[in-house]
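Asks: Those protein sequences? They're chains A and X, same order as listed. Quick note: the first sequence uses the working numbering, first residue 1, plus one each step. Quick note: the second sequence uses the working numbering, first residue 221, plus one each step.
Number of protein chains: 2
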Amino acid sequence: MATLASLKRAGKVVCIGRNYADHITELKSARPKQPFFFQKPISSILLPGEGPVIRPRGVDMHYEVELALVLGRRLKDFNAEDEKSALEAIESYALSIDMTARNVQNEAKRKGLPWDIAKGFDTFLPMSKLINKSAIPDPHKIEVYLTVNGKVRQDDSTGLMLFRIPRILGDISKVMTLEPGDIILTGTPKGVGPVVPGDVMRAGIRVDGKELEEARIEVA
Amino acid sequence: MATLASLKRAGKVVCIGRNYADHITELKSARPKQPFFFQKPISSILLPGEGPVIRPRGVDMHYEVELALVLGRRLKDFNAEDEKSALEAIESYALSIDMTARNVQNEAKRKGLPWDIAKGFDTFLPMSKLINKSAIPDPHKIEVYLTVNGKVRQDDSTGLMLFRIPRILGDISKVMTLEPGDIILTGTPKGVGPVVPGDVMRAGIRVDGKELEEARIEVA
Ligand SMILES: [Mg+2]
Ligand SMILES: [Mg+2]
Ligand SMILES: [Mg+2]
């Protein structure tokens, strides 16, 4: 069973890019024909109370709020049509912020270089407490939101995902075997933007309009 | 102390790109002003006897032989000038093959997408046994080689690295804290090329002209 501490021993953190149409538009990115993904190192994980997020010098740092899955089963060549098994493979959820060095990422894109530096700095993955599966009956029917200094910046339904969780697990596991404890970030809705030191980010999840206590992130 | 089995529980595998001038030339890549790096998932590790390397359908699969370091210390903002501490931070060595889906990587470069799929398929990281530090008195003064079906394809001195180990550890650890057990791949010399199912790769290390038994990789 995953615990908060065990998140930092995850075998890998795999993140889906461009999984909400309006976020693709705001970054002027191309819409992917299939899910693509990248890794964040486990050294970037920031658990509740471990803040602040450290902005590396010269970095234009953006937040991206995302629903995270913690897996409970090994998946290899998973059948994306099998929605039931996909949900069964999830052990718990968490909320996460995929912090991104946007200027570093833009330069990497321009030069055709890997994204690992832009995505992988220490503290670049704030996470909430673990969320019991029973609290999220349908992961495609919740709202994730993020505020900066009290202003709402992101607030959308996970129903807007271009590629839903079974497809995500199918595509990743055709490349990399997924193991129990692995963490999957499912992409960010529109509204990403910069934060500077001193800004306070708060993020959360609503299920049927009701705030999930354990999903709250508050980090400077 | 790292063991062969513990490699698959490494916190991360970080790989340096473009670290030998002649390899940069052969791929028509730009010479980096500073080391850049990417991750391979630990699920891609293939220990001795676990072969073969599986070629995913439609993939042009290339070998890249590389000296790997297994760390014994935590490093954060490591000082690249401190050659002595850099070598002390290494717990052991291994030889590795950074298998790469070259056509997938080329498309990722063209589109500005992450390299994780191209580099991260299951079986894409064959490794040798662990090599005791005492067997490699100077990691910048050994030869790494790789043959395909008995023909020598790569054979160069690690003295040709553009960025040496202290600099590599410095640059990575300014982004990501490195932890004991983390694995670092130091880049590949010239001579990379395709392999197809049935090809047999053999790779090894020579120290002062003498073959290191524990560094041998033989994989189909
Ligand atoms: Mg691990
Ligand atoms: Mg993201
Ligand atoms: Mg390589």
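Yeah, the Cβ is synthetic: ideal placement off N, Cα and C, and Gly gets one too.
1. On the DSSP letters alone, give me the boundaries of the alpha helix (DSSP H) that Q105 of chain A sits inside.
2. Against Q254 of chain X, what residues of chain A qualify as contacts under a CB-to-CB distance less than 8 Å, listed in chain order?
3. For V195 of chain A, which residues in the same chain have their Cβ closer than 7 Å to its Cβ, ignoring the five residues on either side in sequence?
4. If you measure from the CB of D98 of chain A, is any heavy atom of ligand 2 nearer than 8 Å?
5. Just the chain A side, please: which residues come within less than 7 Å of V395 of chain X by C-beta, in chain order?
6. Could you tell me whether any non-hydrogen atom of ligand 3 is closer than 8 Å to the CB of E246 of chain X?
7. Determine, using beta carbons only, whether L398 of chain X comes closer than 9 Å to chain A.
8. Please confirm whether any heavy atom of ligand 3 lies closer than 8 Å to the CB of L405 of chain X.
9. Counting only beta-carbon separations shorter than 9 Å, does I42 of chain A have a partner in chain X?
10. Excluding sequence positions up to five away, which residues of its chain have a Cβ less than 6 Å from the Cβ of E303 of chain X?
11. Between X:V439, X:K394, X:R373 and X:N352, which has its C-alpha nearest E308 of chain X's C-alpha?
12. Does P334 of chain X get closer than 9 Å to chain A when you measure Cβ to Cβ?
13. Is E221 of chain A close to ligand 2? I mean its beta-carbon at under 8 Å from any heavy atom of the ligand.
14. Whole angstroms is fine: what's the gap from W335 of chain X's alpha carbon to I117 of chain A's?
15. Please classify T378 of chain X: does DSSP put it in a helix, a strand, or coil?
16. Give me the Cα-Cα distance between Q39 of chain A and I168 of chain A, rounded to the nearest whole angstrom.
17. Taking its Cβ as the centre, do 16 or more other Cβ atoms sit within 10 Å of E211 of chain A, making it buried, or is it exposed?
18. Is the closest heavy atom of ligand 2 to the C-beta of G17 of chain A under 8 Å?
19. Okay, do the segment 284-295 of chain X and the segment 395-409 of chain X touch, 3+ Cβ pairs below 8 Å being the bar?
20. So does T343 of chain X have its beta carbon nearer than 8 Å to some heavy atom of ligand 2?
21. Quick one: residues in its chain with C-beta nearer than 8 Å to the C-beta of D199 of chain A, no 5 flanking neighbours on either side, listed in chain order?
22. Could you give the first and the last residue of the continuous alpha helix (DSSP H) run that contains H243 of chain X?
23. Taking its Cβ as the centre, do 16 or more other Cβ atoms sit within 10 Å of S43 of chain A, making it buried, or is it exposed?
24. Exposed or buried, what is M127 of chain A when buried is set at 16 or more other beta-carbons lying within 10 Å of its beta-carbon?
25. I'd like the list of long-range same chain contacts for R155 of chain A, defined as Cβ closer than 6 Å, with 5 residues on each side in sequence excluded.
26. For a contact defined as C-beta to C-beta under 7 Å, what are the partners of Q259 of chain X on chain A?
27. Check the Cβ-Cβ distances between P276 of chain X and every residue of chain A, and say whether any is below 9 Å.
28. Relative to ligand 2, is the shortest distance from any of its heavy atoms to the C-beta of T158 of chain A smaller than 8 Å?
29. Give a yes or no on whether 9 Å exceeds the smallest Cβ distance from R251 of chain X to chain A.
30. How would you write the range of the alpha helix (DSSP H) that E214 of chain A sits in, first residue to last?
31. In angstroms, rounded to a whole number, what distance separates the CA positions of P276 of chain X and D98 of chain A?
32. Answer yes or no: do R216 of chain A and L69 of chain A have a C-beta to C-beta separation smaller than 9 Å?
33. Please list the partners that R330 of chain X has in chain A, where partner means a Cβ-to-Cβ separation under 9 Å.
34. Closer than 8 Å by C-beta to Y20 of chain A: which residues in its own chain qualify, once you throw out the five before and the five after it? Chain order, please.
Replies: Let's see:
1. Here the alpha helix (DSSP H) through Q105 of chain A covers R102 to K111.
2. Neighbours of Q254 of chain X on chain A: none; closest Cβ ~10 Å, over 8 Å.
3. M61, Y63, V148 and M201, listed in sequence order.
4. D98 of chain A: yes, Cβ under 8 Å from ligand 2.
5. Here the neighbours are I117, G120 and F121.
6. No.
7. The C-beta of L398 of chain X comes closer than 9 Å to at least one C-beta of chain A.
8. At least one heavy atom of ligand 3 is nearer than 8 Å to the Cβ of L405 of chain X, so yes.
9. Judged by the 9 Å Cβ criterion, I42 of chain A is in contact with chain X.
10. Excluding residues within five positions, the ones whose Cβ falls inside 6 Å are P386.
11. Comparing alpha-carbon positions, the option among X:V439, X:K394, X:R373 and X:N352 lying closest to E308 of chain X turns out to be X:N352.
12. At least one chain A Cβ lies under 9 Å of P334 of chain X.
13. There is simply no residue 221 of chain A to check, as chain A begins at 1 and stops at 220 in what is shown.
14. One C-alpha to the other measures close to 12 Å.
15. Note: T378 of chain X maps to helix in three-state DSSP.
16. Computed Cα separation, rounded: 14 Å.
17. Counting C-beta atoms within 10 angstroms of its own C-beta, E211 of chain A has fewer than 16 neighbours from the protein chains shown and is therefore classed as exposed.
18. True, at least one ligand heavy atom lies under 8 Å from that Cβ.
19. Enough Cβ pairs lie closer than 8 Å, so yes.
20. No heavy atom of ligand 2 is found nearer than 8 Å to the CB of T343 of chain X.
21. Answer for D199 of chain A: V148, N149 and A220, listed in chain order.
22. First-last of the alpha helix (DSSP H) with H243 of chain X: A241 to E246.
23. Answer is buried; the Cβ neighbour count reaches 16.
24. By the neighbour-count rule (16 or more Cβ atoms within 10 Å), M127 of chain A is buried.
25. With the sequence shown as reference, residue 155 of chain A is identified as Asp, and Arg is not the correct amino acid for it. Within the same chain, D155 of chain A has close Cβ partners Y145.
26. Within 7 Å Cβ-Cβ: Q39, P41 and D116.
27. Taking 9 Å as the threshold, the shortest C-beta distance from P276 of chain X to chain A falls below it.
28. No, Cβ of T158 of chain A sits at least 8 Å from all heavy atoms of ligand 2.
29. Proximity of R251 of chain X to chain A, defined by a Cβ-Cβ separation below 9 Å, is not satisfied.
30. No residue range can be given for E214 of chain A, since it is assigned to no alpha helix (DSSP H) and is classified by DSSP as neither H nor E.
31. Spanning the two alpha carbons is a distance of roughly 29 Å.
32. Taking C-beta atoms as the reference points, R216 of chain A and L69 of chain A fail to come closer than 9 Å.
33. In chain order: G112.
34. Within the same chain, Y20 of chain A has close Cβ partners D156, L160, M161, L162, G187, T188, P189 and K190.
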